[in-house]
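Undergrad: Just passing along the structure, written as structure tokens.
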Amino acid sequence: MWDQPLCHCSEPDFCAEMNQHQVTIIWGVLVGFSVFVPTCSAGVTSTLSATSLTSGNSGNHVNQNAERRNVVLTQNLPASAEQFPAEFSLGRKSFQSLAMSSVAQIQEGRHALHQLKALETNCRHATQAIVVIDAGSSSTRPNIFLMQTLSCPFQQRTVIPHSIRQVATGMRHTRLREVLEKWLDQYAGEGWESRSVDSRILLRFFRRMLQTANEFFGALEENIVGLFETHLSDEEKVHVKALGVPVVFYSTGGVRDFHDWYRDGFFVALRHSINNFSNKISYKFFTNPELTRPITGAEEGLYAFLTLNHLTHRLKEESSFCDRGEGDFKTCRNDLAGVVEFGGTSAQVVFPLAPTDVLPSSVKAVNLQRERFLPKRYPSADVISVSFMHLGVD
Numbered sequence: 177m178w179d180q181p182l183c184h185c186s187e188p189d190f191c192a193e194m195n196q197h198q199v200t201i202i203w204g205v206l207v208g209f210s211v212f213v214p215t216c217s218a219g220v221t222s223t224l225s226a227t228s229l230t231s232g233n234s235g236n237h238v239n240q241n242a243e244r245r246n247v248v249l250t251q252n253l254p255a256s257a258e259q260f261p262a263e264f265s266l267g268r269k270s271f272q273s274l275a276m277s278s279v280a281q282i283q284e285g286r287h288a289l290h291q292l293k294a295l296e297t298n299c300r301h302a303t304q305a306i307v308v309i310d311a312g313s314s315s316t317r318p319n320i321f322l323m324q325t326l327s328c329p330f331q332q333r334t335v336i337p338h339s340i341r342q343v344a345t346g347m348r349h350t351r352l353r354e355v356l357e358k359w360l361d362q363y364a365g366e367g368w369e370s371r372s373v374d375s376r377i378l379l380r381f382f383r384r385m386l387q388t389a390n391e392f393f394g395a396l397e398e399n400i401v402g403l404f405e406t407h408l409s410d411e412e413k414v415h416v417k418a419l420g421v422p423v424v425f426y427s428t429g430g431v432r433d434f435h436d437w438y439r440d441g442f443f444v445a446l447r448h449s450i451n452n453f454s455n456k457i458s459y460k461f462f463t464n465p466e467l468t469r470p471i472t473g474a475e476e477g478l479y480a481f482l483t484l485n486h487l488t489h490r491l492k493e494e495s496s497f498c499d500r501g502e503g504d505f506k507t508c509r510n511d512l513a514g515v516v517e518f519g520g521t522s523a524q525v526v527f528p529l530a531p532t533d534v535l536p537s538s539v540k541a542v543n544l545q546r547e548r549f550l551p552k553r554y555p556s557a558d559v560i561s562v563s564f565m566h567l568g569v570d
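Just so we're aligned: the sequence shown equals residues 177 to 570 in the working numbering.
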């Protein structure tokens with residue numbers, strides 16, 4: 177059936193050309209492409225147009241030949257081939273719908289990708305909580321501070337200075353000195369104050385010291401968590417739990433007269449307790465040897481000095497006045513106030529120095545920027561800090 181000619185007409189040359197396209201026509205029908213199919217109508221029409229000068233029924237002759245050719249073309253196609261155009265039309269519509277859906281998904285994915293890339297370049301604000309525990313000679317007391325932090329790509333997370341605020345102060349807990357004395361009474365024996373104590377006692381009973389540190393911080397932790405739940409908003413709690421809570425634990429004059437090996441060993445156990453303590457409300461505490469340690473009398477005085485000048489607005493980034501020294505060198509500084517502070521066991525005296533002050537060799541000045549008490553953007557500040565043990569109020 178497929179070898180029959182597609183065209184029968186009165187123009188042999190045109191039909192021969194028409195039949196050469198038989199394979200092309202069939203392939204076009206099979207795959208559904210639009211194929212130019214030459215017909216006999218042009219040849220017949222042209223022939224009949226010339227004949228129409230002598231014949232008056234040429235129009236009827238053309239219509240009859242066209243109908244006959246259509247019948248022949250239809251008869252020469254297999255029955256299944258007649259369904260191909262309709263099936264391909266449906267398939268093409270499905271393909272177009274699938275293509276449009278894919279394009280929409282690609283555009284949606286591109287938009288989401290660009291949004292995420294933009295977020296990676298944005299700075300993020302978060303609320304950070306810090307616990308500062310003052311282990312003084314009269315009591316051990318936690319203080320809760322909140323501050324806003326800013327985290328930017330390729331930069332360290334920084335604290336926004338004016339956002340720092342104290343939100344709560346905890347209850348007074350057992351003095352750290354009492355905790356250390358009680359442990360020595362039990363494992364070194366009574367009268368340890370007046371005799372030499374073997375440092376191997378610490379190693380022999382170090383597990384008991386770990387237990388003592390856990391109990392000591394456990395009471396503090398319960399108080400701290402209660403302050404968080406009472407004074408923080410729901411949003412602040414989410415941030416605090418996500419970032420974790422750094423703990424600053426400083427002991428002062430009350431434990432300075434203990435043996436170094438004993439005092440330092442206890443702080444190792446205390447840091448372990450802070451970093452590994454768990455609670456049901458999912459607050460995570462952490463610290464390190466810089467944040468949890470005994471501080472010297474000079475450091476204690478410097479913190480009192482910084483606190484006083486900060487609260488009186490003397491400590492600021494803008495310089496109060498400037499001096500010109502040798503070589504017309506300009507030096508700017510703040511008008512800082514000195515402080516005399518009395519603790520329970522010791523007393524501290526701190527006062528600022530002028531650039532022209534000359535000190536004896538036995539006195540050492542402290543530069544607050546070099547010792548990282550102040551950022552470098554603040555005016556330079558040199559101070560003298562001296563501590564006197566056993567001159568406290570207790």
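For every residue, glycine included, the Cβ atom is placed at its ideal position computed from N, Cα and C.
(1) Taking the beta carbon of Glu397 as the centre, do at least 16 other beta carbons fall within 10 Å, making it buried, or is it exposed?
(2) Return the CA-CA distance between Val373 and His435, expressed in angstroms with no decimal places.
(3) Are the beta-carbon atoms belonging to Gly568 and Gly520 less than 8 angstroms from one another?
(4) Between Ile457, Arg447 and Leu379, which lies nearest to Glu405 when the distance is taken from Cα to Cα?
(5) My parser needs the beta strand (DSSP E) runs of 3 or more residues fully inside the segment 295-349; what are they?
(6) Just to confirm, is the Cβ distance from Arg509 to Pro470 under 8 angstroms?
(7) Should Thr325 be listed as close to the ligand FAD, given that the test is whether its C-beta is under 7 angstroms from any heavy atom?
(8) Could you tell me the boundaries of the beta strand (DSSP E) in which Asp433 lies?
(9) Return yes when the Cβ of Thr388 is within less than 8 angstroms of the Cβ of Val431, no when it is not.
(10) DSSP three-state label for Gly232, please.
(11) Alpha carbons only, please: which of Thr532, Ala275, Ala557 and Arg439 is nearest the one belonging to Leu378?
(12) State the Cα-Cα distance for the pair Trp359 and Asp310, rounded to the nearest angstrom.
(13) When you compare each of Ser370, Asn543, Glu517 and Pro318 to Asn399 by their alpha carbons, which one comes out closest?
(14) Ala557 and Val526: beta carbons closer than 8 angstroms?
(15) Please look up how many angstroms separate the CB atoms of Ala302 and His415, rounded, as I've assumed it's under 8 angstroms.
(16) Please report the Cβ distance between Leu467 and Val423, rounded to the nearest whole angstrom; I am assuming they are in contact, meaning their Cβ atoms lie under 8 angstroms.
(17) Is it right to say Leu292 is buried, meaning 16 or more other beta carbons lie within 10 angstroms of its own, or is it exposed?
(18) When DSSP builds the beta bridges, which residues end up paired with Ala523?
(19) Using the Cα positions of Asn464 and Trp437, report the straight-line distance between them to the nearest angstrom.
TA: Reading it off the structure:
(1) buried
(2) 9 angstroms
(3) Yes.
(4) Ile457
(5) Taking only runs of at least 3 residues, the beta strand (DSSP E) segments lying wholly in the segment 295-349 are 300-311, 316-327 and 341-345.
(6) Not in contact: Arg509 and Pro470 (Cβ atoms no closer than 8 angstroms).
(7) No copy of the ligand FAD appears in this structure; indeed no ligand is present at all.
(8) Note, Asp433: premise wrong, no beta strand (DSSP E); not H, not E.
(9) In this structure, Thr388 does not lie closer than 8 angstroms to Val431 by Cβ.
(10) With a pLDDT of 45 at Gly232, under the threshold of 50, the modelled position of this residue cannot be trusted, and the question is left open.
(11) Arg439
(12) 21 angstroms
(13) For the options Ser370, Asn543, Glu517 and Pro318, the alpha carbon positioned closest to that of Asn399 is the one of Pro318.
(14) no
(15) 5 angstroms
(16) 7 angstroms
(17) exposed
(18) Phe518 and Phe564
(19) 18 angstroms
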